[in-house]
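Below is the structure:
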């Protein structure tokens, strides 16, 4: 081949460095979250019946469908490929009770995707966790419809909602006492009344470990969140309950595990800087305990995380990493002398 | 004591193709060489020859005008052109073109005034300058400037054999095959700085090179195996790793009492001080899935990149991207006409699947923070990209964009494949423009004030 021909045959692509990248992708990360939710979902189906699964399918269909509808009407490129709507749908169902009417779930999905996510610009732009905001919207709009907690083991058929309902352990804790007849072991495996995804603490932890091993999340946020709740409930038990019991019941009841592992770690609505993340997680934990003790609702995790979501922008600004090559302590003096 | 640099990433090494291939001399004919007058950090050189001049190997053909180092003819023959020619950086650079007469007639060697052991620091600086030695690791900072500015300030001298960029094995083979030159060259630099200990840092994926150097190391030389993590070979990170010291923003290694030289630079110092040879050749790794037989080849400076590809047996299949340098920081080439310069440590000829293709469609940042975790300079690359795309350039400086070393760890780790480094480079240009504008405004205000004063 002569040099000229050779040159003519060269079709080179030119771009800025780096020329290689990691194999991870946004859909891959979302898929990992979906996989991590499966153990807890399986426990929910085991305790609450087939309706738990259909409820998840309904919310996923709603979130994916409404996102697609919005983007079509707004003439935006389709985004279903990033799987984030599926994750939101699953998470939304995880924080609803199994007996939630399907139409309520559909409405929640629409609120999550259109009001909370798409109106702010879609993936990466929303400042509230869509699933949590959807849940809070439903709980404050239809408190009667979705506060019916099926007793564990009363498996619901797909269309059935009639079953023995019971109070959640959180109700008892909110009133300053331990729940009757529910052991720590039952809380761990998920034999308690509650929303789909909040009952099986052990399964949620398994999902969390999977996410940490896959490097999807760092353990920082869950550990600081749960740790803060543990410390505060240990230091300040209510109603004369033994400290350790009170702490363990508080850790394993309600939405704490689901919130700390899956909701507070949502990339879009949590800080990016290490110190920012620590402060954010401690804030979530402190608010959770505060609202559980003094709030009017028994459960406080969703409100706590949503409040901290609003502060993410400020936390990222306030807790920028320490500048490379600058001293830790003379910083103030130096700036003052300028 | 073990220190670690912050962040970093772990790309695939991909060094298997050439790490066991001995350095070979170039056997292909070199009809002519094109020597750009800009092969280093600083001002371009001024050509000292004219069209028609006869030159010898090692003869000075360009003298620095400001910060720089002289450039020498790499072949003997006749100067046929002095004109802008394609450069690996992407834009044409004034170059001296020499037609090779094939005789390799040597010029007078650099005068060495005393036996090497007895050279004074100033004599070493003069020899290093005369030999045109610049940092051979890629950046190309003139070595004599580093030496003279470091004298009296430096307490630690480090030879950089990290070679943390994937694919490249030029330094690895050099350390393995010519350990004596690396060590003795390093000791010359050490003595010139008035120090009595030399540290050589090598990533632990080259244990054979570590052993080879240890076997030849006298008592004043310490060979250290370093953690395999990119960007270990970055000056700031290497210093942090070895001494725990952090270079202040905008500072140089000398600010924290360190001087870092590439192992290939040390070998060039050896050639200059022991043999009176200026820099006219270098070792280049030619590799990638789109060349027949990847090689480490020692070539005269100024040969076209095409000759490197030929030295590796030509193309195998269609190349998709060709890089001068490694995949993390290398510069993509438009064609193979630019020539090999002092800092060209590798030519990567990549197949379509070996590099990340330019992403299509909307690239959505999901705020995962991986770029923040990967940044060895503790920066927040996602915010650079966000502010840059929003046109809020005035906020970039406060986010410390000028601290960025452009190592590419952020973009490498981004799951949305956002070209963060591209935004950062463009953002830096905007910041420098804003700074220049502010300076001009301040000067204008100052001048106005003066005028007012003088008018009164």
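Protein chains in written order, with the numbering used here: chain B, 1 to 338; chain S, 1 to 456. Backbone N, C-alpha and C define an ideal beta-carbon position, used for all residues, glycine too.
With DSSP collapsed to three states, give me the class of residue 233 of chain B. The residue given as residue 233 of chain B occupies position 233 in the first chain. Three-state DSSP puts residue 233 of chain B in a helix.
Collapsed DSSP secondary structure at residue 202 of chain S in the structure displayed: Taking the first residue of the second chain as 1, we reach residue 202 of chain S at position 202. Strand, per DSSP.
Can you tell which of S:210, S:207, S:223, S:154 has its C-alpha closest to the C-alpha of residue 190 of chain S? Sequence index remark: in the second chain, residue 190 of chain S carries index 190 (1-based). The residue with the shortest Cα to Cα distance from residue 190 of chain S is S:154.
Cβ contact (3+ pairs, closer than 8 Å) linking the region 32 to 42 of chain S and the region 74 to 88 of chain S: yes
Give the DSSP-derived three-state secondary structure of residue 336 of chain B in the structure shown. Mapped onto the first chain, residue 336 of chain B falls at position 336. For residue 336 of chain B, the pLDDT reaches just 43, beneath the cut-off of 50, and the residue's location in the model is therefore unreliable, leaving the point undetermined.
Those runs of the alpha helix (DSSP H) which lie wholly inside the region 404 to 456 of chain S and span at least 4 residues: 409 to 413, 420 to 455
Chain S partners of residue 15 of chain B, CB-CB under 9 Å? Reading the first chain from its first residue, position 15 is the one you call residue 15 of chain B. The contacting residues are 321, 332, 355, 356, 357, 358, 419, 422.
To be precise: take each residue of the region 115 to 135 of chain B, compare its Cβ to all Cβ atoms of chain S, and keep it if any distance is under 7 Å. Which residues remain? 123, 124
Let me check one thing: in DSSP terms, what residues is residue 283 of chain S bridge-paired to? For the purposes of this step, residue 283 of chain S is taken as the residue at position 283 of the second chain. Answer is S:298, bridged to residue 283 of chain S.
Counting pairs of beta carbons, one from the region 406 to 426 of chain S and one from the region 378 to 397 of chain S, are three or more of them closer than 8 Å? yes
Going by beta-carbon coordinates alone, are residue 125 of chain S and residue 148 of chain S separated by less than 7 Å? The count along the second chain starts at 1 and reaches residue 125 of chain S at position 125. The count along the second chain starts at 1 and reaches residue 148 of chain S at position 148. Yes; because the gap between Cβ atoms is below 7 Å, this pair is in contact.
Just how far apart, CA to CA, sit residue 245 of chain S and residue 256 of chain S? Against the second chain, residue 245 of chain S aligns to sequence position 245. Against the second chain, residue 256 of chain S aligns to sequence position 256. Spanning the two alpha carbons is a distance of roughly 7 Å.
Residues from the region 261 to 274 of chain B in contact with chain S, defined by Cβ distance under 7 Å: 267, 268, 272, 273
Quick one: list the residues of chain S neighbouring residue 234 of chain B, beta-carbon separation under 9 Å, in chain order. Within the first chain, numbered from 1, the residue matching residue 234 of chain B stands at position 234. Under the 9 Å cutoff, chain S gives no residues; its nearest Cβ is about 30 Å from residue 234 of chain B.
Can you list, in chain order, the residues of its chain whose CB lies under 7 Å from that of residue 417 of chain S, leaving out five sequence neighbours each side? Indexing the second chain from 1 puts residue 417 of chain S at position 417. Same-chain partners within the cutoff: 356, 359, 363.
Of all the CB atoms in chain S, is at least one closer than 7 Å to the CB of residue 39 of chain B? As a working mapping, residue 39 of chain B is identified with position 39 in the first chain. So no, residue 39 of chain B is outside the interface.
List the DSSP bridge partners of residue 40 of chain S. Locating residue 40 of chain S in the second chain gives position 40, where the first residue counts as 1. Beta-bridge pairing links residue 40 of chain S to no other residue.
Can you tell me the Cβ-Cβ gap for residue 278 of chain B and residue 220 of chain B, rounded? I've got them flagged as a contact below 8 Å. Against the first chain, residue 278 of chain B aligns to sequence position 278. Against the first chain, residue 220 of chain B aligns to sequence position 220. Sure, about 6 Å apart at Cβ, within 8 Å.
Determine the chain B residues that contact residue 246 of chain S at a beta-carbon separation under 7 Å, and present them in chain order. The residue given as residue 246 of chain S occupies position 246 in the second chain. The answer, in chain order, is 324, 325.
Check whether residue 214 of chain S and residue 270 of chain S have beta carbons under 7 Å apart: Translated into the one-based positions of the second chain, residue 214 of chain S becomes position 214. Translated into the one-based positions of the second chain, residue 270 of chain S becomes position 270. Not in contact: residue 214 of chain S and residue 270 of chain S (Cβ atoms no closer than 7 Å).
What are the boundary residues of the beta strand (DSSP E) that includes residue 78 of chain S? As a working mapping, residue 78 of chain S is identified with position 78 in the second chain. Element bounds for residue 78 of chain S: 77 to 85.
Cβ-based neighbour list, residue 142 of chain B, same chain, cut-off 7 Å, excluding 5 preceding and 5 following: Residue numbering aside, residue 142 of chain B sits at position 142 when the first chain is read from its first letter. Cβ within range, chain order: 104.
Any C-beta of chain B sitting closer than 7 Å to the C-beta of residue 451 of chain S? Indexing the second chain from 1 puts residue 451 of chain S at position 451. Not an interface residue.
Residue 61 of chain B to residue 118 of chain B, Cα distance in whole Å? If you number the first chain from 1, residue 61 of chain B lands on position 61. If you number the first chain from 1, residue 118 of chain B lands on position 118. Whole-angstrom Cα-Cα distance: 16 Å.
In chain B, which residues lie with their C-beta within 7 Å of the C-beta of residue 367 of chain S? As a first step, residue 367 of chain S must be located in the second chain, where it is residue number 367. Within chain B, the residues near residue 367 of chain S are 124, 267, 268, 272.
Under three-state DSSP, which class holds residue 320 of chain S? By 1-based counting over the second chain, the position of residue 320 of chain S is 320. The answer is coil: DSSP assigns residue 320 of chain S none of H, G, I, E or B.
Complete alpha helix (DSSP H) runs within the region 15 to 76 of chain S (minimum length 4 residues, chain order): 16 to 19
Between residue 149 of chain B and residue 101 of chain B, which are expected to be in contact by the criterion C-beta below 8 Å, what is the C-beta distance as a whole number of angstroms? On the first chain, position 149 is the one that residue 149 of chain B refers to. On the first chain, position 101 is the one that residue 101 of chain B refers to. That pair is no contact at about 14 Å.
Does the beta carbon of residue 174 of chain B sit closer than 7 Å to a beta carbon anywhere in chain S? Position 174 of the first chain, counted from the start, is the residue given in the question as residue 174 of chain B. No, residue 174 of chain B lies away from the interface with chain S (no Cβ there is under 7 Å from its Cβ).
Using the C-alpha atoms, what's the distance from residue 234 of chain B back to residue 242 of chain B? The sequence position of residue 242 of chain B within the first chain is 242, counting from 1. The sequence position of residue 234 of chain B within the first chain is 234, counting from 1. Rounded to whole angstroms, residue 242 of chain B to residue 234 of chain B spans 9 Å at the Cα level.
Listing by chain order, which chain S residues have their CB less than 8 Å from the CB of residue 12 of chain B? Counting from one through the first chain, the residue named residue 12 of chain B turns up at place 12. Those within 8 Å of residue 12 of chain B in chain S are 319, 320, 321, 322, 332, 333, 334, 335.
Exposure of residue 353 of chain S, with buried meaning 16 or more beta-carbon neighbours within 10 Å: In the second chain, counting from the first residue as 1, residue 353 of chain S sits at position 353. When all chains shown are included, residue 353 of chain S counts as exposed.
Check whether the region 286 to 302 of chain S touches the region 9 to 23 of chain S, taking contact to mean three or more Cβ pairs, one atom from each stretch, closer than 8 Å. yes
Chain S partners of residue 320 of chain B, CB-CB under 7 Å? On the first chain, position 320 is the one that residue 320 of chain B refers to. Residues of chain S passing the Cβ test: 380.
Buried or exposed (CB count within 10 angstroms, at least 16 for buried), residue 431 of chain S: Here the question's residue 431 of chain S lines up with position 431 in the second chain. Flag for residue 431 of chain S reads buried.
My output table needs one value for residue 127 of chain S: the three-state DSSP class, helix, strand or coil. Here residue 127 of chain S corresponds to residue number 127 of the second chain, with the count starting at 1. Residue 127 of chain S falls in the helix class under three-state DSSP.
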